[in-house]
Amino acid sequence: MGKDTTTDGTSGNITALKALPLDVPLKITAAEEAFLAEATGISDHDELFKHITEVQIEAYTSIHPFGTDLRKVARDGYPVDALVGLEVEENFINLGYLLFRDTRTSPFTPRQLLHNIFSAPRSEPADCQEHSATRFPDASNLASLGQLGRSARAIHAASLFHLFDRDTQKYLARRIAGLLVLREGSTIFGSQYAAKTEGSVIETVSGGGAKVYAHSPESWKRLWEDVLEGYEIEVKAELKELGGGTSLAAPIKLHEGDQHGHLMIWSVKILS
Numbered sequence: 005m006g007k008d009t010t011t012d013g014t015s016g017n018i019t020a021l022k023a024l025p026l027d028v029p030l031k032i033t034a035a036e037e038a039f040l041a042e043a044t045g046i047s048d049h050d051e052l053f054k055h056i057t058e059v060q061i062e063a064y065t066s067i068h069p070f071g072t073d074l075r076k077v078a079r080d081g082y083p084v085d086a087l088v089g090l091e092v093e094e095n096f097i098n099l100g101y102l103l104f105r106d107t108r109t110s111p112f113t114p115r116q117l118l119h120n121i122f123s124a125p126r127s128e129p130a131d132c133q134e135h136s137a138t139r140f141p142d143a144s145n146l147a148s149l150g151q152l153g154r155s156a157r158a159i160h161a162a163s164l165f166h167l168f169d170r171d172t173q174k175y176l177a178r179r180i181a182g183l184l185v186l187r188e189g190s191t192i193f194g195s196q197y198a199a200k201t202e203g204s205v206i207e208t209v210s211g212g213g214a215k216v217y218a219h220s221p222e223s224w225k226r227l228w229e230d231v232l233e234g235y236e237i238e239v240k241a242e243l244k245e246l247g248g249g250t251s252l253a254a255p256i257k258l259h260e261g262d263q264h265g266h267l268m269i270w271s272v273k274i275l276s
């Protein structure tokens with residue numbers, strides 16, 4: 005088993021990630037700063053950035069979101085008891101509390117479950133024909149992913165799929181689809197690094213050189229049509245070029261001839 009493979013078969017190199025330099029000076033938008041100031045209660049610009057940097061140091065790396073999206077949705081007005089996040093390491097949950105200066109019982113802190121979505125055997129089918137739950141359970145009382153069942157109406161999966169090879173991405177898509185209510189309007193959405201032409205690429209953010217897979221909008225649509233076979237779906241996927249003056253950089257070596265990396269913003273919606 006190589007250094008870029010973990011016991012669950014996923015690619016990664018946590019040791020190399022922890023050795024990365026911090027993203028200093030910190031680059032966030034005005035809207036992001038406003039949200040963090042409100043969420044943490046730190047209104048002073050310099051004090052806020054000092055606090056974020058201290059959490060970065062504690063976390064070793066700045067690439068993990070620490071439940072940021074969940075907290076933003078909650079503060080935007082979505083019911084907290086209808087939100088749940090999945091995390092693979094308890095330390096990331098605790099670092100979220102440190103970053104946002106909140107606790108599990110704080111008003112805008114959604115439930116986060118410690119769960120590895122790859123933990124089921126690869127041979128286990130992710131049957132997209134099974135019964136869907138009639139209503140989402142109270143997330144605040146959830147103790148395990150099994151209690152969630154197939155009850156999610158919307159699932160957000162950002163900066164996730166591009167970490168894996170093609171087969172693992174398809175398996176992950178089936179596992180995620182297995183949490184979705186399979187009726188009109190249910191949606192899975194997210195963003196990830198991608199390419200104009202699909203193909204295997206070399207991941208460089210960890211320094212480990214793992215081979216991962218960059219989908220194109222066309223191949224991404226085919227993947228979900230296969231995963232949700234039998235359902236009429238709408239797949240939207242838009243590429244946005246990175247680099248060229250932006251603060252973002254792709255964590256993969258791109259196909260020969262590509263001058264910049266690409267971020268794919270996508271959604272998969274069930275129509276019937």
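Numbers given in my numbering equal positions in the sequence shown, counted from 1, plus 4.
Just so you know, even glycine gets a beta-carbon here, dropped at the ideal spot from N, CA and C.
According to DSSP, what are the bridge partners of residue i?
i, result
"S271", "F193, K240"
"R198", "The sequence shown places Ala at residue 198, rather than the Arg named in the question. Answer is H266, bridged to A198."
"V205", "V216"
"H160", "F193"
Cα separation between residue i and residue j?
i, j, result
"V205", "G194", "20 Å"
"S271", "S148", "26 Å"
"P69", "I192", "18 Å"
"R178", "S276", "18 Å"
"R187", "H166", "27 Å"
"G100", "H119", "16 Å"
"I269", "L243", "7 Å"
"R170", "V216", "7 Å"
"T107", "I32", "24 Å"
"E238", "L102", "39 Å"
"R154", "S123", "17 Å"
"E42", "D48", "11 Å"
"A35", "G89", "23 Å"
"L184", "F140", "10 Å"
"G81", "P111", "11 Å"
"A198", "E229", "18 Å"
"S46", "L164", "The question names Ser, yet the displayed sequence has Ile at residue 46. Near 30 Å, if we compare the C-alpha coordinates of L164 and I46."
"H219", "L176", "14 Å"
"F53", "R226", "42 Å"
"K200", "T109", "44 Å"
"R105", "D50", "17 Å"
"E91", "I180", "14 Å"
"R79", "E37", "14 Å"
"H266", "W224", "14 Å"
"K174", "A241", "16 Å"
"L246", "I274", "30 Å"
In the structure shown, what three-state DSSP assignment does residue i receive?
i, result
"R178", "helix"
"A332", "Residue coverage of the chain in this structure runs from 5 to 276, which leaves residue 332 outside it and unanswerable."
"L118", "strand"
"S148", "coil"
"L184", "strand"
"S155", "coil"
"E233", "coil"
"S276", "coil"
Does any residue of chain D bring its CB to less than 8 Å from the CB of residue i?
i, result
"A162", "Absent from the structure: chain D. Only one protein chain is present."
Q. So does the stretch 139-155 actually touch the stretch 85-97, counting three or more Cβ pairs closer than 8 Å?
A. By the criterion of at least three beta-carbon pairs nearer than 8 Å, the stretch 139-155 is in contact with the stretch 85-97.
- Could you tell me whether the stretch 70-78 touches the stretch 102-118, where touching means 3 or more Cβ pairs closer than 8 Å? By the Cβ criterion, the stretch 70-78 is in contact with the stretch 102-118, since at least three pairs of Cβ atoms, one from each stretch, lie closer than 8 Å.
Given 8 Å as the limit, is there contact between the stretch 89-98 and the stretch 45-59, that is, 3 or more CB pairs closer than that?
Judged by Cβ distances under 8 Å, the stretch 89-98 makes no contact with the stretch 45-59, as fewer than three pairs qualify.
Please list the segments of the beta strand (DSSP E) lying wholly inside the stretch 35-99, counting only runs of 3 or more residues, in order along the chain.
Runs of the beta strand (DSSP E) inside the stretch 35-99: 88-91.
Quiz item: Given 8 Å as the limit, is there contact between the stretch 150-160 and the stretch 233-246, that is, 3 or more CB pairs closer than that?
Solution: No: fewer than three Cβ pairs fall under 8 Å.
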